[in-house]
Amino acid sequence: NDCDDPPGLQEKTEFLLKDWVSIYNQSNNLSRETKIFTSFVQKMNMYGILKTDDLITRFFRQATQICIDLVYRILNDPSNSPLQARTKIFHWIDAFVHLIALLVRHSGEAGNPTTKINLLNKVLGIVLGILLQDQELHGTAFQQLGYHRFFVMLFLELSSPDAVLESLMLSIMTAFSHTYHLLNPALAPGFCYAWLELISHRIFIGRILAQIPQQKGWPLYSQLLLDLFRYLAPFLRNAELAKPVQLLYKGTLRVLLVLLHDFPEFLCDYHFGFCDAIPPNCIQMRNIILAAFPRNMRLPDPFTPNLKVDMLAETATAPKICSNYVFNIQPANFKKDLDSYLKARAPVTFLSELRSHLQISNEPGSRYNIPLMNALVLYVGTQAISHIRSKNFVPNTSNIAHSAHMDIFQNLAVDLDTEGRYLFLNAIANQLRYPNSHTHYFSCAVLHLFAEANSEAIQEQITRVLLERLIVNRPHPWGLLITFIELIKNPIYKFWDHDFVHCAPEISRLFESVARSCM
Amino acid sequence: MVNNQFGMVGLLTFIRAAESDPNLVTLALGNDLTGLGLNLNSQESLHPTFAGPFADHPCRVQDVECNVPTEYLINYAIKDKLSAPILNKLQEDLLFFLFYTNIGDIWQMMAAAELYGRDWRFHIEEKIWITRIPGNNQGKFYYFDAQSWKRMSKDFQIDAEKLDKCPNISALVNMN
Amino acid sequence: PLHKDHQLQFKMMEAAYYHLPTPADSERLNIYLPRTPVPTPQHYPQQ
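Protein sequences, first through last, are from chains A, B and C. Numbered by our numbering, the letters in the first sequence go through residues 115 to 633 in order. Numbered by our numbering, the letters in the second sequence go through residues 22 to 197 in order. Numbered by our numbering, the letters in the third sequence go through residues 316 to 362 in order.
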């Protein structure tokens, strides 16, 4: 709080900051940088800035505020061209960032990272706090430029090749990731475009997904993507996207494509949580995630005649699911009843009560608990796989029948209304990915539900869910393709006999075209 | 059939809307992702040259910062020790390089003087360097295009008053 | 229709849409300082 600042602190801060900016912008100082920095720190000491943690905090807050005030003054000055404005702003912010980077690098004792990381977290927290206050204050007149420049340049400075900074890489990335999480678009919508730039910066992605050993950066990055999907979700539920939403959505697609190309294993491992957050109508965006497969895997051509999917070695391997999805099966007594039913197929009332657990409101568009639906489907499926494998069988469309697990799936298919059924079938289709035990089981499950459906509406909706994921532009998940091909090729399913296949010329043409490519 | 948005009729609505108003079905039918400016068939990783979510092309080589050892950053140590380039030995493209990259510096003026000595003239209004095409008296001239960094030819109607005079280097040197 | 919170978020996002970040915002400044500054004609390149 400004009012609590000791008298004279603002003037001292302004003086020191101006001094430093001037020193920084003299280009011939590189060789004497350590000497210059040491001398500047002594000056800060002399002014009492480094005496206590409280004073250091106030200094940084004041200095940040001075920089941000300058940003608004320069941007609102009509005599500056956009290029001149940016150059002036960057002179100040880059200098301030460089000072912070040097302080982080050199603070504390050698070999002890705590002081350095504490200082970094302090500064990031201060800038984050000022940004959020600024957004509140300025509303739609909020300017992202200064903050964007601050974060990107500080990140680049702390990512420069230096033995000390390299040893702190995980802590530095964690600090930035947490800060970006606290700045996510739901909390700072005026910063959303700059935020997406920050989290998709080529060096940020490289560090967090590739350079940090043992994939320790992956959970941090998955949180940021979840923040992005959750922010976009309400705006993507509408058919027509406003231009600002279109831009952010397109930017998100680009980032996902880079991830699909360079880090498909990341998308594979975290797909479940992502599918929870992505609205059901964002079919292409979801397909990008579901189409990912490990780079060392060779996918058999889904159009291979007589492809024996159950003979593939990968069918025996369970994919990694980096999500605590079982936790979403709430409340605890529901989970208990579910486990009881899976074990003993009792009590039978469990099935009739299932729908009431899944339906949470009467509000159109949010009547069902989608995370619970997704978790329930995956949990029941994985339990089914374990159960079948415990008897030394490989799941197929015959042996998955007549089980507690299939009871639940069939009950959901029959008992839910069209919206609930659509969401249920989506939950199954979300597991149709690259060759693995889940893809295989859920492919068999959906085909079994089609074959055993007691109403054409169920078959129609299964077809709808699969087809809408196929008619969208590429990419398409492998498991989706093999399931659909099986459905239309295998005479058991009598697919072509159904009225809904021929309900309109466009639909007939679509199926014929898909069938031609499959045959 | 299912008579709401969750069946085949719902899907048909998207398909029909795509013909009349593609904007309504962006999410349902998707976009051609190859048009987003990423080389999805690349054998190399994409992220090292990813120019950002709002760029429609990757970074060019010159956009990607390379951290060089500090020992390489020697400008401050040697800049006053380098001997001056001998302009009359330099090829034209290097003279243009000096002219366009030494803004506000005496080297810009010296490069301009050397170009003048080689029959190039700076057009004050067009802000380009032009010269006659040897053997051509019909209004066609060479000009130097700094954007494409090429010498191009074009028809010009030249008003001699619009051509800059030769810079007075000795005056500048004395002033300095 | 959007909830009130989302409407507010949209307004902020829309305002930000009119001053988007540029690639140069994430690049270091290349500071050019003329070694021997002299006045040059206005019609010469200035940047």
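Yeah, the Cβ is synthetic: ideal placement off N, Cα and C, and Gly gets one too. These numbers come from a predicted model, not from an experiment.
Quick one: is residue i near chain B, going by C-beta distance under 8 Å?
{"i": "Pro316/C", "result": "no"}
{"i": "Leu335/C", "result": "yes"}
{"i": "Tyr347/C", "result": "yes"}
{"i": "Asn395/A", "result": "yes"}
{"i": "Thr178/A", "result": "no"}
{"i": "Gln324/C", "result": "no"}
{"i": "Gly320/A", "result": "yes"}
{"i": "Val440/A", "result": "no"}
{"i": "Ala527/A", "result": "no"}
{"i": "Val135/A", "result": "no"}
Output the distance between the C-alpha atoms of residue i and residue j, rounded to the nearest integer angstrom.
{"i": "Ile514/A", "j": "Leu381/A", "result": "28 Å"}
{"i": "Ile151/B", "j": "Pro188/B", "result": "16 Å"}
{"i": "Leu242/A", "j": "Ile522/A", "result": "47 Å"}
{"i": "Glu467/A", "j": "Leu530/A", "result": "11 Å"}
{"i": "Gln524/A", "j": "Phe564/A", "result": "10 Å"}
{"i": "Glu570/A", "j": "Leu45/B", "result": "29 Å"}
{"i": "Ser169/B", "j": "Phe118/B", "result": "13 Å"}
{"i": "Glu86/B", "j": "Pro69/B", "result": "10 Å"}
{"i": "Phe614/A", "j": "Ala430/A", "result": "35 Å"}
{"i": "Ile240/A", "j": "Ala199/A", "result": "24 Å"}
{"i": "Ala432/A", "j": "Ala330/C", "result": "46 Å"}
{"i": "Glu582/A", "j": "Ile319/A", "result": "32 Å"}
With DSSP as the reference, label residue i as helix, strand or coil.
{"i": "Trp150/B", "result": "strand"}
{"i": "Gln473/A", "result": "strand"}
{"i": "Ser504/A", "result": "helix"}
{"i": "Phe377/A", "result": "coil"}
{"i": "Ser174/B", "result": "strand"}
{"i": "Asp451/A", "result": "helix"}
{"i": "Phe265/A", "result": "helix"}
{"i": "Tyr359/C", "result": "coil"}
{"i": "Asp531/A", "result": "coil"}
{"i": "Tyr482/A", "result": "strand"}
{"i": "Pro408/A", "result": "coil"}
{"i": "Asp183/A", "result": "helix"}
{"i": "Asp180/B", "result": "coil"}
{"i": "Gly348/A", "result": "For the sequence presented, residue 348/A should be read as Pro rather than Gly. Of the three classes helix, strand and coil, the one that applies to Pro348/A here is helix, per DSSP."}
{"i": "Asp126/B", "result": "strand"}
What residue range is occupied by the uninterrupted alpha helix (DSSP H) comprising residue i?
{"i": "Phe35/B", "result": "Met29 to Ser41"}
{"i": "Asp114/B", "result": "Glu113 to Thr122"}
{"i": "Lys132/A", "result": "Leu123 to Tyr138"}
{"i": "Asp208/A", "result": "Pro196 to His220"}
{"i": "Gln247/A", "result": "Thr228 to His252"}
{"i": "His554/A", "result": "Ser551 to Ala565"}
{"i": "Trp610/A", "result": "No alpha helix (DSSP H) holds Trp610/A; DSSP gives it neither H nor E."}
{"i": "Leu279/A", "result": "Ala277 to Ser281"}
Start and end of the beta strand (DSSP E) containing residue i?
{"i": "Val142/B", "result": "Per the sequence shown, the amino acid found at residue 142/B is Arg instead of Val. Taken as a continuous stretch (DSSP letters only), the beta strand (DSSP E) holding Arg142/B covers Arg142 to His144."}
{"i": "Asp77/B", "result": "Note, Asp77/B: premise wrong, no beta strand (DSSP E); not H, not E."}
{"i": "Asp53/B", "result": "Neither: Asp53/B is in no beta strand (DSSP E) and is coded neither H nor E."}
{"i": "Phe71/B", "result": "Taken as a continuous stretch (DSSP letters only), Phe71/B belongs to no beta strand (DSSP E), as it is neither H nor E."}
{"i": "Tyr163/B", "result": "Lys161 to Asp166"}
Taking CB distances under 8 Å as the criterion, tell me whether residue i reaches chain A.
{"i": "Pro74/B", "result": "yes"}
{"i": "Met29/B", "result": "yes"}
{"i": "Leu103/B", "result": "no"}
Taking Cβ-Cβ distances shorter than 7 Å, what residues in chain A pair up with residue i?
{"i": "Thr47/B", "result": "Leu355"}
Would you say residue i faces chain C, with C-beta separation under 8 Å as the test?
{"i": "Gln129/B", "result": "yes"}
{"i": "Tyr164/B", "result": "no"}
{"i": "Arg263/A", "result": "yes"}
{"i": "Glu86/B", "result": "yes"}
{"i": "Gln398/A", "result": "no"}
{"i": "Phe349/A", "result": "yes"}
{"i": "Lys110/B", "result": "no"}
{"i": "Leu202/B", "result": "Residue 202/B is absent from the model: chain B starts at 22 and stops at 197."}
Please list the partners that residue i has in chain C, where partner means a Cβ-to-Cβ separation under 7 Å.
{"i": "Glu311/A", "result": "Pro336 and Ser341"}
{"i": "Lys148/B", "result": "His358"}
{"i": "Tyr121/B", "result": "Pro360"}
{"i": "Phe204/A", "result": "Leu344"}
Anything in chain A within Cβ reach of residue i, meaning under 8 Å, just list it in chain order.
{"i": "Tyr359/C", "result": "In chain order: nothing, as chain A lies at least about 18 Å away."}
{"i": "Arg19/B", "result": "An answer regarding residue 19/B cannot be provided, because it is not within the stretch 22 to 197 covered by chain B."}
Any heavy atom of the ligand ADP closer than 7 Å to the beta-carbon of residue i?
{"i": "His252/A", "result": "Ligands in the displayed structure: none, and consequently the ligand ADP is not present."}
Residue i touches chain A at which residues, Cβ-Cβ below 9 Å?
{"i": "Leu57/B", "result": "Lys364, Leu367, Arg368 and Leu371"}
Can you name the residues of chain B whose CB is closer than 7 Å to the CB of residue i?
{"i": "Phe614/A", "result": "Met22 and Met29"}
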